[in-house]
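Protein chains in written order, with my numbering: chain A, 2 to 216; chain B, -19 to -10. Heads up, the thing below is written out as structure tokens.
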Amino acid sequence: MNIFRFAGDMTHLISVLVLLLKIYATKSCSGISLKTQELYALVFLSRYLDLFTNYISLYNTLMKLVFIGSSLAIVWCMRMHHAVKRSYDKEVDTFRHYYLVLACFVLATLVNEQFTLREVCWAFSIYLEAVAILPQLVLLQRSGNVDNLTGQYVFFLGAYRAFYILNWIYRYFTEQYFTRWIACIAGIVQTALYADFFYYYFISWKNNAKLQLPA
Amino acid sequence: TEPSAVKDEL
């Protein structure tokens, strides 16, 4: 594992911790899209089907468990926890995420490495992860103001994707590794979705001002 | 068909 991959995994982990911290400390999930969180839970459940059949390393197994567990816990909190669910911005979180699921499923049955249940599920999870942030970005755009922890959550998620691209470039030159073209294309699309957010994040950081997205 | 490669990334 190279430094970029590790940095990517760590920023991903930090993003999850920031989100859990926000929900736990403020007992509020305002500014967080439940639809995006549901999509991530689906992403991890369909990607890590190989959890018990395909052992790679203790690190991989633990990280998979953390991502499945934390995404389910966040969805549970936002739906069931009496205080947290009251702060959920239901009226603003109206993205039709079922269409994303349907489109990614159709794409996965058409474009995959092998037409087997596991490979179709893997491709599905890759496509769905690429677009899963959309309901969250739309929610932030609509509400305009972004609180500190929510901004940091999205920033770390975007950083995770950027590090993964550096990881692939590194692996391409050091290992002649370029078999994961489905993941690479989807990963580039996914990272590009953050470009706009990053732009405003850095402006607010440079001016030491609160993060605001233009309507 | 080629066997699908090991997926060592998360």
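From the three backbone atoms N, C-alpha and C, an ideal C-beta is built for every residue, glycine too.
Let me know the secondary structure DSSP gives residue 55 of chain A once reduced to three states.
In the structure shown, residue 55 of chain A sits in coil (DSSP, three-state: anything other than H, G, I, E or B).
Determine the direct distance from the alpha carbon of residue 161 of chain A to that of residue 64 of chain A, and round the result to whole angstroms.
Approximately 14 Å between the Cα atoms of the pair.
Does DSSP classify residue 213 of chain A as helix, strand or coil?
Strand at residue 213 of chain A.
Could you tell me which of A:185, A:213, A:189, A:190 sits nearest to residue 198 of chain A, measuring between CA atoms?
From the listed residues A:185, A:213, A:189, A:190, the smallest Cα separation to residue 198 of chain A is found for A:213.
Can you give me the start and stop residues for the alpha helix (DSSP H) that residue 225 of chain A sits inside?
Outside the shown range of chain A, which is 2 to 216, sits residue 225 of chain A, and nothing can be said about it.
I want to verify the contact list: residues of chain B whose CB lies under 8 Å from the CB of residue 6 of chain A, in sequence order.
Those within 8 Å of residue 6 of chain A in chain B are -11.
Would you grab the beta carbon distance between residue 90 of chain A and residue 29 of chain A for me? Rounded to a whole angstrom, and I think it's under 8 Å.
Residue 29 of chain A and residue 90 of chain A do not touch by the CB rule: their CB atoms are close to 10 Å apart, not below 8 Å.
Test item: CB-CB of residue 129 of chain A and residue 43 of chain A under 8 Å:
Cβ distance < 8 Å, so residue 129 of chain A and residue 43 of chain A count as in contact.
Taking the beta carbon of residue 92 of chain A as the centre, do at least 16 other beta carbons fall within 10 Å, making it buried, or is it exposed?
In the assembly as shown, residue 92 of chain A is an exposed residue. Its beta-carbon has fewer than 16 other beta-carbons within 10 Å.
Check the Cβ of residue 64 of chain A against every Cβ in chain B and list those closer than 7 Å, keeping chain order.
Simply -10.
Measuring alpha carbon to alpha carbon, tell me which of A:17, A:7, A:9 ends up nearest residue 151 of chain A.
The shortest Cα separation from residue 151 of chain A among A:17, A:7, A:9 belongs to A:17.
Checking 8 Å against the spacing of the C-beta atoms, do residue 76 of chain A and residue 39 of chain A come in under that value?
Residue 76 of chain A places its beta carbon less than 8 Å from that of residue 39 of chain A.
With a threshold of 8 Å between beta carbons, is residue -19 of chain B in contact with chain A?
In this prediction, residue -19 of chain B has a pLDDT of 43, which is less than 50 and means its spatial position is unreliable; what the coordinates show is noted afterwards. Chain A has a Cβ within less than 8 Å of the Cβ of residue -19 of chain B.
Complete runs of the beta strand (DSSP E) confined to the region 141 to 165 of chain A [at least 3 residues]
None, since the region 141 to 165 of chain A contains no complete beta strand (DSSP E) of that length.
Within 8 Å of any Cβ in chain B, is that where the Cβ of residue 204 of chain A sits?
It does not; no Cβ of chain B falls within 8 Å.
Going by DSSP, what residue range makes up the alpha helix (DSSP H) through residue 116 of chain A?
Where residue 116 of chain A is concerned, there is no enclosing alpha helix (DSSP H), given that its DSSP letter is neither H nor E.
What residue from A:67, A:50, A:145, A:41 has the CA that sits closest to residue 101 of chain A's CA?
Residue A:41 holds the alpha-carbon nearest to the alpha-carbon of residue 101 of chain A among A:67, A:50, A:145, A:41.
Within 8 Å, strictly: CB atoms of residue 37 of chain A and residue 52 of chain A:
Residue 52 of chain A is positioned such that its CB atom lies no closer than 8 Å to that of residue 37 of chain A.
So which residues on chain B does residue 57 of chain A lean against when the C-beta distance must stay under 9 Å?
Under the 9 Å cutoff, chain B gives -14, -13, -12.
Could you tell me the distance, in whole angstroms, from the CA atom of residue 165 of chain A to the CA atom of residue 104 of chain A?
Cα to Cα, the separation comes out at about 24 Å.
So, for residue 185 of chain A: in the same chain, excluding its five sequence neighbours on each side, which residues have a beta-carbon less than 6 Å away from its beta-carbon?
The residues are 169.
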